[in-house]
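Under full-length UniProt numbering, the sequence shown has 38 at position 38, and the numbering climbs by one with no breaks.
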Amino acid sequence: MSFYKNTIQKMLPKAYVHKYVSREIKAAVFHYKDLQPVVDKYVYNDGTTKNLMSLTGTIPVAYDGKTYNIPVCVWLEESYPQTCPLCYIKPTPEMMIMQSKNITSNGEVLLKYLDEWSPDICDLVSLLQVMISLFEDTPPLCMKPFREPVQESCFLQFHRHSEVRSWPDGSLYLSFPTEADELSCRGNETSC
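Now the structure itself:
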């Protein structure tokens with residue numbers, strides 16, 4: 001694990017308390033194997049950006065007898081652990097955020113634990129446990145509703161019939177209208 005700890009320390013931008021932050025990240029990744037340390041640009045509400053360390057990936061949440069992997073991103077500002085992490089739900093394209101008193105429309109996670117953050121008693125593993133507990137009571141995400149296919153026009157619904165035709169030898173076959181046949185008839189279509 002010391003190799004991994006050294007790798008994390010090398011990733012951290014200079015302003016961080018390297019030994020403390022790398023120990024916290026190592027502990028979090030040990031408990032939650034689907035989280036990865038990542039340095040990326042964080043965009044603040046005022047539009048400014050800063051390269052920050054984050055834990056990005058999924059945490060396991062049990063809900064209704066099943067375990068779901070909830071995608072999250074926990075950002076650590078340079079002043080961490082003096083300031084609390086910035087926590088977000090990161091939905092995949094198939095998911096949508098379930099806004100609540102603890103989840104904003106942009107996926108920010110609001111917790112009493114964060115409001116009362118104290119570097120002497122709070123840590124990343126405990127924060128992740130609080131998030132999991134909250135999400136087990138109130139899931140932060142759901143799948144987007146399935147979109148029904150666009151309904152065919154009235155013409156296609158009611159006039160796409162096959163015809164029984166006969167060959168010159170008297171044998172029968174089914175004939176379906178071609179796209180060209182449909183296009184030529186559409187001029188006569190009325191709205192339903």
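For glycine and all other residues, C-beta sits at the position ideal for the given N, C-alpha and C.
Hey, quick one: how far does the beta strand (DSSP E) through Tyr-88 stretch, first residue to last?
86 to 89
Is DSSP giving Gln-157 helix, strand or coil here?
Annotation note: pLDDT 48 at Gln-157 (below 50); position unreliable, coordinate value reported separately. Correct three-state label for Gln-157: helix.
Out of Pro-85, Asp-40, Ile-103 and Asn-6, state which residue places its alpha-carbon closest to the alpha-carbon of Pro-91.
Ile-103
If you compare alpha carbons, which of Lys-26, Gln-82 and Lys-144 is closest to Asp-120?
Gln-82
Pull up the distance between the alpha-carbon of Met-1 and that of Pro-93, whole angstroms please.
With a pLDDT of 48 at Met-1, under the threshold of 50, the modelled position of that residue is not reliable, and no figure is offered here.
Cβ neighbour criterion (16 or more within 10 Å) applied to Glu-24:
buried
Check whether Asp-40 and Leu-55 have beta carbons under 9 Å apart:
For the pair Asp-40 and Leu-55, the CB atoms are not nearer than the 9 Å cut-off.
Using the C-alpha atoms, what's the distance from Gly-47 back to Lys-19?
30 Å
Of the residues Trp-75, Ala-62 and Trp-117, which one's Cα is nearest the Cα of Thr-49?
Ranked by Cα distance from Thr-49, the options Trp-75, Ala-62 and Trp-117 are led by Trp-75.
Give me, in chain order, the residues of the same chain whose beta-carbon lies closer than 6 Å to that of Gly-57; leave out the 5 immediate sequence neighbours on both sides.
Asp-34, Leu-35 and Gln-36
Considering only the beta carbon of each residue, do Pro-139 and Tyr-68 sit closer than 9 Å?
yes
Sort Glu-116, Glu-108, Ile-132 and Lys-144 by Cα distance to Lys-44 and report the nearest one.
Checking the displayed sequence, the identity of residue 44 turns out to be Tyr instead of Lys. Answer by Cα proximity: Glu-108.
Report the option in Asn-6, Pro-71 and Glu-78 whose CA atom is closest to the CA atom of Met-143.
Pro-71
Tell me, which residues are paired with Ile-37 by DSSP?
Looking at the sequence shown, residue 37 is not Ile but Pro. In the DSSP output, where bridge partners are listed per residue, Pro-37 has Leu-55.
Do you know whose CA, among Ser-118, Pro-168 and Tyr-42, lies nearest Cys-73's CA?
Tyr-42
Euclidean distance between Cα positions of Leu-114 and Glu-78
Near 16 Å, if we compare the C-alpha coordinates of Glu-78 and Leu-114.
So if DSSP puts Pro-168 in a beta bridge, which residue, or which two residues, is it bridged to?
Paired residue(s): none; Pro-168 is not in a bridge.
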